[in-house]
Amino acid sequence: MTLHRILRSLARLCAAGVLCVAAGTPAFAAKLVLGAKNFTEQYVLAELTSQYLRSRGYDVEVRAGLGSTLARSALENGQFDLMWDYTGTAALVYNKIQDKLSPEEMYRRVKALDVPRGLVWLDASPLNDTYAIGLPSQLAQATGIRTVSQLAEHLKTDPAAKHYVFGMDAEFANRPDGLKPLLAAYGMQFSRAQLKQMDPGLVYTALHNNQLKIGLVYTTDGRVKGFGIVPLEDDRHFFPPYNATPVVRKGTLESNPKLATQLNALSAALDNDAMQAMAKAVDLDGKSPRDVADAFLCTHPLP
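Residue numbers for the sequence shown, in mature numbering (1 follows the signal peptide of the UniProt record, and there is no 0): -29 to -1, 1 to 274.
What follows is the structure, encoded as structure tokens:
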């Protein structure tokens, strides 16, 4: 059953006051404060987690809409009990790690660094919300470009490529680990006129409308699939992994002995395809994160 059909069925269930996760487990008054950042994927993760845990008897308060640094500070200070964070964010932003690490190495490093802080990284999900270079489907089909190295070669050999515009958000354009080292890693060159800083959401629309030939996208954003954007393989492994992972205060886990197992089960159920479908349902189809999360939980029974 597709997510669209599940959501239509869910609407009927909601009208009848029945939700998939409303299993009737009596609450045992374990109060948890769940933090979340300020973008679609995080709102969906917050709904998935809160609905699932409430169905298992927890009293969950969601505090969403924060930037990465503020959310992390709230977790460290005990204002949050748990949140979903990303291995790449923890490595580059919180711990200033510049080494090129495999997904497994990065997870082990950030997990170990947070032990003295009283924070526990549970199992990393397969969901990897990293950067990608995206092309409009027409350009990808016409050229056969599937990797960033192939794009770099195309830029050197096709005269028309000197007119390609590369769109990205201002943060990536100015980060020390962003645009400049990416271009150096792949030997790509653009004139100043070819580089366009713009709101992240507008990159997807501009690629879809063929106003951009190249754009910086996020691999789990629903607009990648919804707009037919082709993300290129990062064949030189420039972009770090950003595996979404539940991070919980140690004391919270000690007070709730089943919590780690439950969150690990949810983490294992999440991957890029699932999140792309849920994000598309929110960003393009106008569904609420609440309904999208419940539809997912309907089809993914958890312990």
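The beta-carbon is built from N, C-alpha and C at its ideal position, and this holds for glycine as well.
Annotation for Glu32: the continuous beta strand (DSSP E) segment containing it runs 29 to 37.
Taken in chain order, the whole alpha helix (DSSP H) runs of length 4 or more contained in the region 121 to 166 are 141 to 145, 150 to 157.
The criterion of a C-beta distance shorter than 9 Å is satisfied by Phe137 and Leu187. Contact annotation, Glu204 with Val119: C-beta distance approximately 7 Å; criterion of less than 8 Å satisfied. Assigned with DSSP and collapsed to three states, Ala215 falls in strand. Residue state for Pro202 is assigned as strand, using DSSP reduced to three classes. Around the beta-carbon of Lys251, 16 or more other beta-carbon atoms lie within 10 Å, marking it buried.
In terms of Cα proximity to Leu53, the closest of Val218, Lys258, Gln247 is Val218.
Arg27 counts as buried, since no fewer than 16 other beta carbons sit within 10 angstroms of its beta carbon.
Residues of the same chain with a CB within less than 7 Å of the CB of Val195, apart from the 5 flanking positions on each side, are Gly105, Val188, Pro202, Gln247 in chain order. Nearest C-alpha to Leu46 among Arg220, Ala245, Ile116, Thr114: Arg220. Judged by DSSP secondary structure, Met54 falls outside any alpha helix (DSSP H) and instead within the beta strand (DSSP E) spanning 53 to 57. Within 10 angstroms of the beta-carbon of Glu12 lie 16 or more other beta-carbons, which makes it buried. Here Ala123 has Tyr157, Gly158, Met159 as same chain residues with Cβ atoms under 7 Å from its own Cβ, once five neighbours each way along the sequence are excluded. For the pair of segments examined, the region 234 to 245 was found not to touch the region 72 to 87: the number of CB pairs separated by less than 8 Å stays below three. DSSP places Tyr102 inside the beta strand (DSSP E), whose first and last residues are 102 to 106. Your pair Ala264 and Gln22 checks out as a contact, with CB atoms roughly 6 Å apart and the cut at 8 Å. For Val195, the enclosing alpha helix (DSSP H) begins and ends at 193 to 197.
Between the alpha carbons of Glu32 and Leu5 lies a gap of roughly 6 Å.
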